[in-house]
Amino acid sequence: MSAGFCAVQWNRDKLVYDGVLLAAVALYIGTFMAVSYWIEPPKTLPDAIDVRIRAFGSCAFVMLTIILAIGPLARIDPRFLKFLYNRRHFGVLTFIVAALHAVFMLEWYAARGELPNLVVELTTWSDYGKFIGFPFKAFGVAALVVLLLLAVTSHDFWLAFLTPPVWKALHMSLYVAYGLVVMHVALGIMQYDRNPLIPAMLIVSFAGVTGLHLVAGWRERAGDRGTTIGSDGWIAVGPPQAIPDKGALIVATQGGERIAVFRDGVQIGALTNACAHQNGPIGEGRIVDGCVTCPWHGWQYRLVDGCAPPPFTEKLATYPVRLRAGVVEVFPDALAPGTPAAITVQSS
Amino acid sequence: MKRRHRSIHRTIWLVLAVLVGLGLTMSLILRAPPEAPTPVASKP
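Each protein sequence line maps, in turn, to chains Z and E. Convert by adding 60 to the 1-based position in the first sequence; the result is the number in the numbering used here. Convert by adding 21 to the 1-based position in the second sequence; the result is the number in the numbering used here.
Below is the structure:
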């Protein structure tokens, strides 16, 4: 963890992030409702509720699309990394907006005195065998359940309790939730509202997010191919000056995990490329205040031994490094987390 | 992310792209045609 990071307390960055987020959501919903009222003022209470359902539903969809685009965009272009910070608050707010969409839907049925019809709609099992006519609200309910699960487990307590690999796998279910939401819209409002903006929004959003994830995944695949290991088992990284100062070169063995080889002036050390927090790509971070700093959330570790600075206790696995014939080499068998392994090379 | 997660990530998005892409295309193709406008009665 970072020496300047507060796990629970708010900090300025989080307040600004959340402030901008809330303002954007309020602006979207306000504009949507104002334009809807201007085009066709609602004549009845259910009509007015329907505008709210659409405003909050479309807002949740846009938010989900943005959330899912941030990850691959940050992989493709580091300038998007700043949007990754505090993304969990973005996710929790998306769940709240989606839940309000569902509440307004219940209110719509109640205002028409047709609440039992909703139950009938969801329990007419024969409709589940249809494509057009499928109870699309079931997709929405399923997606909302996933979003609830992710919002509840978004805190760092659950991250530590479940361990980063399990937590990360659980939160990948957001991808499935997105697919459910796309089908919720495609088999729902898109079937009875002929507004061409609806299919256009769906196609552009889904194709965009999918394309970004596939491109980012393809690039990552190339990085996983691995480097050839020398006959003595060491991997050549390159001359010390090839490693950017305060930065890292990332190497990987074939079928193994990635290793981040950092240089801080004349000191060179190798750490696992997975941050202890969320398994973020620590090798894409920088050395800040003498510590290797994860680009995702700013968790920090000492280069010399992979230990977080006091009072934090997280440790990363380190790797043996050596300088041989002017070339930095790393041995791909990880040492126990916290084992000092950095070396000092002569400045050129 | 670790290698296993990157691999799962790639698989999920490939499957999603195919399944949801197919579902979206089908829902567009099978969508009921728009209602024809009601003809205005002409005077004799």
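In this text, a Cβ means the ideal position worked out from N, Cα and C, and glycines have one as well. Keep in mind that this is a model prediction, so the values were computed, not measured.
{"Check": "Delimiting residues of the beta strand (DSSP E) encompassing residue 251 (chain Z)", "Outcome": "Here residue 251 (chain Z) belongs to no beta strand (DSSP E); instead the alpha helix (DSSP H) covers 249–252."}
{"Check": "CB-CB length for residue 140 (chain Z) against residue 130 (chain Z), believed under 8 Å", "Outcome": "6 Å"}
{"Check": "Interface partners of residue 317 (chain Z) on chain E, CB under 7 Å", "Outcome": "23, 24"}
{"Check": "Simplified DSSP assignment, three categories, for residue 389 (chain Z)", "Outcome": "strand"}
{"Check": "Sequence-distant residues of its chain with Cβ nearer than 7 Å to residue 113 (chain Z) (five each side left out)", "Outcome": "161, 164, 165, 168"}
{"Check": "Neighbouring residues, chain E, relative to residue 339 (chain Z) (Cβ below 8 Å)", "Outcome": "22, 23, 26"}
{"Check": "Cβ-based burial, residue 67 (chain Z) [other Cβ within 10 Å; buried from 16]", "Outcome": "The predicted position of residue 67 (chain Z) is uncertain, since its pLDDT is 49 and thus under 50; a value taken from the coordinates is nonetheless stated next. Residue 67 (chain Z) is exposed by the Cβ-count criterion."}
{"Check": "Partner residues on chain Z for residue 38 (chain E), Cβ-Cβ distance less than 8 Å", "Outcome": "270, 274"}
{"Check": "Own chain residues within Cβ distance below 6 Å of residue 309 (chain Z), not counting five before or after", "Outcome": "297, 303, 321"}
{"Check": "Selection from Z:313, Z:317, Z:327 that minimises the alpha carbon distance to residue 301 (chain Z)", "Outcome": "Z:327"}
{"Check": "Rounded Cβ spacing between residue 338 (chain Z) and residue 228 (chain Z) (contact assumed at less than 8 Å)", "Outcome": "7 Å"}
{"Check": "Per-residue burial, residue 238 (chain Z) [other beta carbons within 10 Å of its own, 16 or more giving buried]", "Outcome": "buried"}
{"Check": "Chain C within 8 Å of residue 176 (chain Z), Cβ atoms only", "Outcome": "The structure shown contains no chain C; its protein chains are Z and E."}
{"Check": "Runs of alpha helix (DSSP H) wholly within the region 136–171 of chain Z (minimum 4 residues, chain order)", "Outcome": "141–144, 147–171"}
{"Check": "Stretch pair the region 189–203 of chain Z + the region 240–248 of chain Z: three plus CB contacts closer than 8 Å", "Outcome": "yes"}
{"Check": "Within 8 Å of chain E by C-beta, residues of the region 226–245 of chain Z in sequence order", "Outcome": "228, 229, 232, 235, 236, 238, 239, 242, 243"}
{"Check": "Spatial distance of residue 275 (chain Z) from residue 38 (chain E) (CA atoms)", "Outcome": "12 Å"}
{"Check": "Reduced DSSP category for residue 353 (chain Z) - H, G, I as helix; E, B as strand; rest coil", "Outcome": "strand"}
{"Check": "CA nearest to the CA of residue 398 (chain Z), picked from Z:381, Z:367, Z:372, Z:404", "Outcome": "Z:367"}
{"Check": "Per-residue contacts from residue 57 (chain E) into chain Z (C-beta, under 7 Å)", "Outcome": "What residue 57 (chain E) touches in chain Z: nothing, since even the nearest Cβ is about 12 Å away."}
{"Check": "Strand pairing of residue 263 (chain Z), partner residues [DSSP]", "Outcome": "In the DSSP output, where bridge partners are listed per residue, residue 263 (chain Z) has none listed."}
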